[in-house]
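Below is one structure, written out as structure tokens; comments come after it.
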Amino acid sequence: MGRSWRNFFRRSEKEPEESGPATSTPERDTETAEEGAGSAVATSLQTPSAPGAEDIGEVDAPETATPEEIEAPVVDEDILPAEETVLSEEVEAATVAAAEESAGWVGRLRKGLRRSRESFVGQLNAAMAEFKDAEDEEFWERVEEILITSDVGVSTTAKLVAELEQEALERNITSGKELRELMIEHATRMLDKPIEMDLSKKPAVVLMVGVNGTGKTTNIGKLVNFLPGKVMLAAGDTFRAAAIEQLQTWGERTGARVIARERGADSAAVAHEAVEEAKRGGTDVLLIDTAGRLHTKANLMAELDKVRRVIDRQLPGAPHEVLLTVDATTGQNGLRQAKLFQEAAGVTGIILTKLDGTAKGGIALAIANEVGVPIKMISVGEQIGDLHPFEAREFAEALFGDL
Ligand SMILES: Nc1nc2c(ncn2[C@@H]2O[C@H](COP(=O)(O)OP(=O)(O)OP(=O)(O)O)[C@@H](O)[C@H]2O)c(=O)[nH]1
Ligand SMILES: [Mg+2]
């Protein structure tokens, strides 16, 4: 059951023996890290190239912000969450216990989705109970409404329901039970994409992007524990002092070295220094945190573009992965963010976060169908064990399965 971390990372076949945690700490899940390190052979899964990365053309990079500018509020963003976020104290307290809890992560996913599932599945159950034949147009309209209200969105719902209707007709399905299984199958097909992370280069550079509060920094911290080899972190979010400290805390906790400069420093300069250090120090994976908010969306995208260009100049082909965190509780807003970042930042994978919260979960289908980027991981809590490789079938079952 479930996809493990073992085959998740595509590693270079040259230096598997060098892999292993950089610094062993009690918190670090060394067993998992070593398992991952052992999976040197790439599977047939291919990581897609960064789509849209070339579309935005040259953008003037923003100057380094002055302190006054740093305090200035975001002005033009409807896609950005309103509140500032800080590292939760719960994360501090729960680090050690977290890995042990990870076995129950599907349960956490189900529990998280239940809040919406109770109404969503309740409605779906009621509709399914009345299902008799696939020619009943009213039935399909009802299913459409239910899906749209659970964040699947209009166009993805239309596609899913059209496929379902066609197959139900062809196979002459007459029971709700069979139809539900068909729904799970179709959702699985829609969600099932290559999720493997390409860490075959040394150093492999992973850039974490996403709007503020979606879980970039926290999930960098969690990811360190599963990454094979020597890991380094870079505090590329120089917008807030707390963001730098937050990453440093994760560094202390996981034993990963952190490259940081002072608040207000040029983010691209931090990335530059980190790549140099990673090259020099035999780092296997460099994870770079970025800001989730600047004064404007244009500033943010220009900064990300500058960071990417600086990294690529130093290490052609890098960053090898650009991971976007999307807070699943923000519904269709998350879909807009995914489209925006895909175009501007060349995202190669999405981490869908806060699925333990009030998320309706349907956003995963919308992203899978409408954004050409795979969901690679899901996060179902603030603890280290709450980050998991995305598994399409499991997710579809958690979403559409019977209560
Ligand atoms: N419940 C829950 N909380 C999460 C999850 N992922 C992250 N968080 C919490 O969400 C808050 C924001 O996470 P951060 O990692 O700071 O988000 P960020 O994207 O780095 O935010 P900025 O630095 O402001 O751009 C923190 O309190 C995290 O602990 C999750 O899967 N579930
Ligand atoms: Mg952050």
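Just so we're aligned, residue 1 is where the sequence shown starts under full-length UniProt numbering, counting upward by one.
Note that the Cβ used here is the ideal one computed from N, Cα and C, for glycine as well.
Being a predicted model, the structure only gives us computed values, none of them experimental.
Would you say residue i and residue j are within 8 Å of each other, going by their C-beta atoms?
{"i": "R253", "j": "G221", "result": "yes"}
{"i": "T358", "j": "T325", "result": "no"}
{"i": "D327", "j": "G317", "result": "no"}
{"i": "V152", "j": "L287", "result": "no"}
{"i": "S200", "j": "R11", "result": "yes"}
{"i": "A235", "j": "A243", "result": "yes"}
{"i": "I363", "j": "G331", "result": "yes"}
{"i": "E106", "j": "E394", "result": "Correcting the residue identity first, residue 106 is Val in this sequence and not Glu. Contact flag set, yes."}
{"i": "L207", "j": "P319", "result": "yes"}
{"i": "L340", "j": "D289", "result": "no"}
{"i": "F400", "j": "R180", "result": "yes"}
{"i": "G349", "j": "L355", "result": "no"}
{"i": "E277", "j": "I259", "result": "yes"}
{"i": "L124", "j": "I146", "result": "yes"}
{"i": "V310", "j": "A271", "result": "yes"}
{"i": "D198", "j": "E391", "result": "no"}
{"i": "A204", "j": "V285", "result": "yes"}
{"i": "L387", "j": "N219", "result": "yes"}
{"i": "T156", "j": "A396", "result": "no"}
{"i": "A338", "j": "I367", "result": "yes"}
{"i": "R261", "j": "R240", "result": "no"}
{"i": "L182", "j": "A398", "result": "no"}
{"i": "P389", "j": "W140", "result": "no"}
Does residue i pass the burial test, meaning 16 or more other C-beta atoms within 10 Å, or should it be called exposed?
{"i": "S150", "result": "buried"}
{"i": "G104", "result": "exposed"}
{"i": "E130", "result": "exposed"}
{"i": "L109", "result": "buried"}
{"i": "V154", "result": "exposed"}
{"i": "D237", "result": "buried"}
{"i": "L300", "result": "buried"}
{"i": "L294", "result": "buried"}
{"i": "A126", "result": "exposed"}
{"i": "Q166", "result": "exposed"}
{"i": "E196", "result": "buried"}
{"i": "L315", "result": "buried"}
{"i": "R313", "result": "exposed"}
{"i": "L169", "result": "exposed"}
{"i": "F9", "result": "buried"}
Given 7 Å as the limit, tell me if residue i has its C-beta closer than that to any heavy atom belonging to ligand 4.
{"i": "T174", "result": "As presented, the structure is devoid of ligand 4, carrying ligand 1 and ligand 2 as its sole ligands."}
Going by the DSSP bridge assignment, what does residue i pair with across the sheet?
{"i": "E321", "result": "V206"}
{"i": "R114", "result": "Beta-bridge pairing links R114 to no other residue."}
{"i": "G349", "result": "L323"}
{"i": "R308", "result": "None, per the DSSP bridge assignment."}
{"i": "V121", "result": "None; V121 has no bridge partner."}
{"i": "V231", "result": "V285"}
{"i": "R10", "result": "D198"}
Quick test of the definition: if touching needs 3 or more C-beta pairs under 8 Å, does the region 130–142 touch the region 165–182?
The region 130–142 is in contact with the region 165–182.
Can at least three beta-carbon pairs, one atom from the region 380–389 and one from the region 149–163, be found at a separation below 8 Å?
no
Pick out the complete beta strand (DSSP E) segments inside the region 233–303, 3 residues or longer, and give them in chain order.
257–259, 285–289
Starting from the N-terminal side, write out each stretch of the alpha helix (DSSP H) that is 4 residues or longer and does not extend beyond the region 145–213.
154–170, 176–191
Is the region 228–246 in contact with the region 273–281, if contact means three or more CB pairs nearer than 8 Å?
yes
Can you give, in chain order, each stretch of the alpha helix (DSSP H) that sits fully within the region 358–399 and has at least 4 residues?
363–370
Indicate whether the contact test is met: 3 or more Cβ pairs, each with one atom in the region 188–195 and one in the region 297–313, closer than 8 Å.
no
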